[in-house]
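Protein chains in written order, with this note's numbering: chain A, 28 to 406; chain B, 28 to 406.
Beta carbons: idealized from backbone N, C-alpha and C, even for Gly.
Here's the structure, in structure tokens; my notes come after.
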């Protein structure tokens, strides 16, 4: 059965190659930009794909919202299954596309959009059918994990490890989506929708790693702690909580052994208990493998179910102690348990505080031109 | 749709309770021993189950080879799907039962037989459809992991942690299957069959944890190493390798953060890369959750495929350095890289040696009445 591929970049080439070696499936036409049809299998018209009766499914790996959204809708309208790795698309239009797929009796799956090669959404969708998911999340961005790990292992500063990540292809030329936590946030949006039938679309708290310095890392290490960028989601009354922030873990925490650009996705099932999945969260073949896994399992699973609705996230009930490094003249805004002066800054651990309140305090300080780094402290 | 349950022990009760809260499924008759029918839903006749047209699937959680094997065959013959947690049954008769299921057009699934709540076989079966599995295995026995972790964390001796594990319900009154590595071996047999269409039925190397002492653990710890009981499988020419033995890991290895009775199942896909799954490998609800997950996914997956055949395992190509503690008068049989005398024993690390050869040397020494402990050293 032929699978058309939209986009022939890093992931698209991987999907093409894997389909050439996959029993029961084969690569079909590949959509490229006009003028790039340098091989007979490359086409530049979406019509050629949706009108091809041999095309059974479409793998969308072009990225971006448009024209990906229109093309996916065209494919679904034409009765083709769709698998995508495009987290921005699914976060923005996933509910509508899943509804269209349901009406047309085809699948709309997106395992590769969250966790790359780690089969997180697939397992979450299955677990949600028979278990109550008490919480979910983890390390869902490999770029920032690589950077935090390199800062800790090599004592380097933020700018240096960012350049290193870019040189290795782990970070894009514009790394904002990764380092700001937006990429991880989109992933937790999808995971909440799969687990709870609730897609959070606003009300988030999101803090990336852009404020971390080598001095911060040196101080965690002296305290025996390791920093990871963590996404957290779970039920919150009629809504869900969903936020991204740096977290400090003690040395024996499993998160500390997640190194380089690896991902660690978790869910806690009322019956299954804590289930953790580790693997490569990005890269040509890991991501392509998640796309092809979905293509092999078409028809057996729904990721966004009919009940799925958009909600405003509610993080008010999420409370942690935080490690804070802040300008000395702003330190009075926090209830430090213990702290010390460090140049013009104060650093230490503050009493437990709700996630939105902590994020708001930091945003206020930054808007005033102040400097702050914070990370939740895992008990 | 009604699911009959064979056996109403730890797992059976968990499956019953989960089915009461599972959309689309409900508990049907439960098979118990004659005289134990103290509730209307309990029956003591397998005929009552296979002849009940409302029973759509059967969950076999009674354990043991017979009568489980006959009952599962009866259910499949009657056109009922079967899900089982019974690794001994699947290792002994799985190929024949899967063939019968195929002929009858029903599913025969056994996720719970390997990894408890960790969805290892399910993910492995999916990955094997589209990726080449380069190796698989991990920590697949929670009882021995609990014991090794407790010995290391508390400095206790083997007999004390075994009693503790029994008191907590982690080890059975007769712990032989766990501590000898037989339970872990059965799991790797199933994993090899799922990943490679090859069920190894002999030619194994198997070493449990029965020889480990507090003095051994103290010595690893002084070297910064942690001991885990590891199962390993992978392709070996026309066959597979499959063995169980203690392995020593450096402190930063992910295996070291697997504590208590947790499991860590791994596979390495040519495209997906290393995928690791962590969770509770046993217990009422984790194991029941794996049974119910399979029940929710009936019809979409084959674990033992038509090509699956029995093979003799071939471990000759698996070579490691080993940590060895052996009677001083037997030490000359090993090429120690470094060693020291410790009372009447010698301990140290020997040059790389093939797995079957190491296991044979140890067996020979024990047959002569000698004492030895060995563990592979992870590079």
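- The beta carbon of residue 85 of chain A sits closer than 6 Å to the beta carbons of 31, 102, 107 and 109 from its chain, once the five residues preceding and following it are set aside; these are given in chain order.
- Looking at the backbone, the Cα of residue 398 of chain B and that of residue 249 of chain B are separated by about 22 Å.
- Of the residues A:97, A:205 and A:311, the one whose Cα lies closest to the Cα of residue 174 of chain A is A:205.
- By the Cβ-count criterion, residue 130 of chain A is exposed, with fewer than 16 other Cβ atoms from all chains shown falling within 10 Å of its own Cβ.
- Listed along chain A are 146, 149, 320, 323 and 324, each with a C-beta nearer than 9 Å to that of residue 153 of chain B.
- Chain-order list of chain B residues neighbouring residue 158 of chain A: 316, by C-beta distance under 7 Å.
- Taking the CA atoms as reference points, residue 263 of chain A sits about 6 Å from residue 341 of chain A.
- At least one CB atom of chain A sits nearer than 8 Å to the CB of residue 304 of chain B.
- The Cβ of residue 345 of chain B sits no closer than 8 Å to any Cβ of chain A.
- DSSP places residue 366 of chain A in the strand class (E or B) of the three-state scheme.
- Assignment of residue 229 of chain B by DSSP, reduced to helix, strand and coil, places it in the strand class.
- With respect to residue 275 of chain A, residue 382 of chain A sits apart: the two C-beta atoms are not nearer than 8 Å.
- Residue state for residue 346 of chain B is assigned as strand, using DSSP reduced to three classes.
- Membership of residue 155 of chain A in the alpha helix (DSSP H) is indicated by the continuous run 147–157.
- Residues of chain A with a Cβ closer than 8 Å to the Cβ of residue 313 of chain B are, in chain order, 298, 299 and 300.
- For residue 327 of chain A, the closest Cβ of chain B is nearer than 8 Å.
- With fewer than 16 other Cβ atoms inside 10 Å of its own Cβ, residue 394 of chain B counts as exposed.
- One thing to note: residue 238 of chain B has its Cβ within 8 Å of the Cβ of residue 400 of chain B.
- Counting only residues of its own chain and dropping the five nearest sequence neighbours on each side, residue 323 of chain B has a CB closer than 8 Å to the CB of 49, 51 and 52.
- Within the stretch 68–116 of chain A, complete beta strand (DSSP E) segments of at least 3 residues are found at 82–87 and 108–111, given in chain order.
- For residue 374 of chain A, the pairing in a beta bridge is given by DSSP as A:352 and A:367.
- At a beta-carbon threshold of 9 Å, none of the residues of chain B lie near residue 178 of chain A; the nearest stands roughly 17 Å away.
- Proximity of the stretch 299–316 of chain A to the stretch 32–39 of chain A meets the contact definition, three or more beta-carbon pairs being nearer than 8 Å.
- For a Cβ distance threshold of 9 Å, residue set 157, 158 and 298 of chain B lies close to residue 45 of chain A, ordered along the chain.
- When 8 Å is used as the limit between beta carbons, residue 138 of chain A is near no residue of chain B, the shortest such separation being about 10 Å.
- The residues 405, in chain order, have a CB closer than 7 Å to that of residue 280 of chain A in the same chain once the five nearest residues on each side in sequence are set aside.
- Counting C-beta pairs with one atom in each stretch, the stretch 331–339 of chain B and the stretch 54–65 of chain B have fewer than three that are closer than 8 Å, which means they do not touch.
- In the structure shown, residue 283 of chain B falls within a helical segment according to DSSP collapsed to helix, strand and coil.
- For the 8 Å CB-CB criterion, residue 144 of chain B and residue 302 of chain A form a contact.
- Comparing alpha-carbon positions, the option among A:353, A:268 and A:282 lying closest to residue 339 of chain A turns out to be A:268.
- For residue 122 of chain A, the three-state secondary structure derived from DSSP is helix.
- The shortest C-alpha to C-alpha distance from residue 240 of chain A to any of A:286, A:160, A:186 and A:105 is the one to A:186.
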